[in-house]
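For the sequence shown, the UniProt record's numbering gives the first residue as 1, with consecutive numbering after it.
Report on the following structure.
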Amino acid sequence: MAVSFHVRSNSYPSRQHPQAAHVDEQLTRLRSSETSSSSSICQRLSDLQDLHDSLEKMIRLSVTNQALSQDQIEKLLGGSIKILDLCNLAKDGLSQMKESLKEIQSIVRRKRGNLSAEVKKYLASRKFLKKSFQKVLKSLKTSQNKNNDALAVFGEAEAVTVALFETIFSFMSGSKACGKWSVVSKMMSQSIVTCEAEANEFTRVDLELQSEKSLKVENVQILESCIQDLEEGIESLSKSLIKYRVSVLNI
Numbered sequence: 001m002a003v004s005f006h007v008r009s010n011s012y013p014s015r016q017h018p019q020a021a022h023v024d025e026q027l028t029r030l031r032s033s034e035t036s037s038s039s040s041i042c043q044r045l046s047d048l049q050d051l052h053d054s055l056e057k058m059i060r061l062s063v064t065n066q067a068l069s070q071d072q073i074e075k076l077l078g079g080s081i082k083i084l085d086l087c088n089l090a091k092d093g094l095s096q097m098k099e100s101l102k103e104i105q106s107i108v109r110r111k112r113g114n115l116s117a118e119v120k121k122y123l124a125s126r127k128f129l130k131k132s133f134q135k136v137l138k139s140l141k142t143s144q145n146k147n148n149d150a151l152a153v154f155g156e157a158e159a160v161t162v163a164l165f166e167t168i169f170s171f172m173s174g175s176k177a178c179g180k181w182s183v184v185s186k187m188m189s190q191s192i193v194t195c196e197a198e199a200n201e202f203t204r205v206d207l208e209l210q211s212e213k214s215l216k217v218e219n220v221q222i223l224e225s226c227i228q229d230l231e232e233g234i235e236s237l238s239k240s241l242i243k244y245r246v247s248v249l250n251i
């Protein structure tokens with residue numbers, strides 16, 4: 001017997017399972033929420049953790065077990081692996097940046113050590129990471145149109161999760177408009193002020209280092225806090241995904 005788990009509420013008959021209705025509500029909130037800042041990204045990570053906890057409970061329902069074919073199970077497992085890989089890529093990048101920032105902050109505070117060398121090391125690392133993030137974003141855009149014919153609710157959950165990681169990698173890469181500096185733009189203070197106003201936590205520190213301004217320790221601390229929050233959010237989501245994956249494997 002086939003069971004429908006379409007995501008739109010009006011697709012459900014009166015016998016809709018309460019757990020499916022709860023997942024539907026969570027997806028509706030996620031579709032309507034925005035991710036324009038680090039705090040909104042962290043909130044969305046938390047919401048996605050809750051969503052996958054709910055999906056894990058749905059997976060364990062006998063009615064869901066009966067509705068899933070072997071091919072659909074394989075697709076759910078493949079989707080979970082893809083998202084876990086994205087989690088690991090993001091965590092590795094964040095960890096690398098955090099360690100470099102700690103060294104820079106230590107040199108600034110102690111006023112000892114080769115700050116210029118450490119800054120060059122950090123910027124080189126950032127350049128490499130940005131290229132890596134752009135490759136990931138390109139691969140996500142290439143694969144995002146592939147159809148997932150597993151139960152619709154699981155397919156949409158995967159889609160909104162992947163979409164968030166597109167936002168995360170773009171956010172860590174920084175604003176495209178302010179990512180590179182020409183000789184002219186460095187000489188135009190108005191351009192620098194405008195760019196800084198539009199910058200996120202990652203770009204703001206990049207700009208201070210690239211433009212050879214005096215690095216503000218408070219901005220480094222803000223970025224470190226942002227990285228810590230993102231790491232914790234991604235780690236929590238990873239744990240929920242692993243639990244979800246185990247339940248799929250147990251079908």
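Every residue, glycine too, gets a C-beta built ideally from N, C-alpha and C.
The structure presented is a predicted model; accordingly, all values stated were derived computationally and were not measured.
DSSP-derived helix/strand/coil call for residue i
i, result
"I73", "helix"
"N200", "coil"
"N250", "coil"
"G113", "coil"
"T35", "coil"
"G79", "helix"
"H22", "helix"
"G93", "helix"
"K120", "helix"
"G155", "helix"
C-beta contact flag for residue i and residue j at 8 Å
i, j, result
"residue 252", "E201", "Residue 252 falls outside the range modelled here, since the chain spans only 1 to 251, and no answer is possible."
"L140", "E166", "yes"
"residue 298", "I168", "Outside the displayed range of the chain (1 to 251) lies residue 298, so it cannot be described from this structure."
"L77", "V248", "yes"
"Q49", "S173", "no"
"I227", "K102", "no"
"S38", "D206", "no"
"K135", "E235", "no"
"Q19", "S54", "yes"
"I81", "V162", "no"
Cutoff 6 Å; reference residue i; Cβ partners in own chain excluding five residues on either side
i, result
"I208", "Checking the sequence shown, residue 208 turns out to be Glu, not Ile. The residues are L215."
Whole-angstrom C-beta distance between residue j and residue i, which should lie under 8 Å
i, j, result
"S100", "Y122", "4 Å"
"N65", "I251", "5 Å"
"L30", "D47", "6 Å"
"R245", "L164", "Rounded, the Cβ-Cβ distance is 18 Å, inconsistent with contact."
Close Cβ partners of residue i (< 7 Å) along its chain, the five nearest in sequence each way excluded
i, result
"K127", "none"
"S9", "With a pLDDT of only 39 at S9, under the threshold of 50, the placement of this residue in the model should not be trusted, and no figure is reported."
Close-in-space but distant-in-sequence residues of the same chain around residue i (CB under 8 Å, 5 per side omitted)
i, result
"L27", "V7, L51, V153, E156, A157, V160"
"S170", "F133, L137"
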